Every structure is written in C-alpha cells, then in structure tokens.
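Undergrad: I have a structure here, written as structure tokens, and I will follow up with some questions on it.
Numbering (the numbering used here), first residue to last: 1390 to 1529.
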C-alpha cells in the first residue's frame, strides 16, 4: 500500500534543499505528490526532514487513518465533473488547491502541475491522476 522506496526517494529529491532535507513547510506538499492527502488533524514534524525521516513518515502513513482514501478523492473529483468526462479544468483545480482548507501556495501548485501537466485543452485527467497516486495501493 502506497509508494515504494524508489518513488519516495525520487519525489524527495525534487523537494530537497542543498542539505538534502525537505523544509518543514514543504512536507505536506511532498506527501501530496506521493498521493497522501492528509486530513486537517494530521500533524507533520515541525522541522526539516532527511530522506530516512521522510521514508518513516511515509511508512507511518501507509496504515494511518489520517489520510483520504482513493474512493474519497475520486468522489471529490467526480463532483467537479458533471459530464463524467474524467477531466477537470486545470484553472478550476488550481483555484481549489489555492482555496482549500489547507490551501497550497502558487509554487506548490506549479510543482504539482509539473508532475501532473494539463493537456492541450488545459484539462487534467483526474482518473489518470488518481491512478498514478494510488497505483501501488491497488497492487498490494
């Protein structure tokens, strides 16, 4: 369930600073890129973390009830897709990510769209997004 060590290390390197640590403010964003959408009540370390510490956080999340399930995320996306096309407009997703309970910064959203770029029509396939985020969960 969840990403493997190679995937964790790859995402970690995208966000790590020159000291090979993820800044405290970037931990939740990095976890979101791995498919972990944390509930408001979930706390992350109040310090920068190394790769080993980050791996431990990810391992702890694999059994946590403090994350949203694939079904929860799919249901939320479907509510934004009245035509059931499997796509939502990137600009709409950007607004949701900015204005959400734990809104992301523009920089975090730009990083997100580098990993999950919109198509030529400016849409994001949420079905592909969900599958990428939860691929390993289905195989375990």
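All C-beta atoms in this analysis are idealised placements derived from N, C-alpha and C, irrespective of residue type, glycine included. Note that the structure is predicted; figures quoted are calculated from it, not measured.
Along the chain, which unbroken stretches of the alpha helix (DSSP H) at least 4 residues long are found entirely within the stretch 1402-1478?
TA: 1416-1422, 1440-1450, 1459-1468
Undergrad: Let me see if you follow: with CB-CB separation under 7 Å, is residue 1476 close to chain B or not?
TA: Given the protein chain composition of this structure (a single chain), no chain B is represented.
Undergrad: Counting only the same chain and skipping the five closest in sequence on each side, list residues whose C-beta sits under 6 Å from that of residue 1476.
TA: 1512, 1514
Undergrad: Which residues does DSSP pair with residue 1513 in a beta bridge?
TA: As computed with DSSP, residue 1513 is found in a beta bridge with 1477.
Undergrad: Starting from residue 1499, follow the alpha helix (DSSP H) in both directions and report where the run begins and ends.
TA: 1495-1504
Undergrad: Sorted by chain position, which residues of the same chain lie with C-beta nearer than 6 Å to residue 1449's C-beta, five sequence neighbours on each side aside?
TA: none
Undergrad: Looking only at its chain, what residues have a beta carbon closer than 7 Å to the beta carbon of residue 1483, apart from the 5 residues adjacent to it on each side?
TA: Excluding residues within five positions, the ones whose Cβ falls inside 7 Å are 1498.
Undergrad: Does the stretch 1414-1427 come close enough to the stretch 1392-1404 to have 3 or more Cβ pairs within less than 8 Å?
TA: Cβ pair count under 8 Å is three or more, so yes.
Undergrad: Return the CA-CA distance between residue 1447 and residue 1488, expressed in angstroms with no decimal places.
TA: 25 Å
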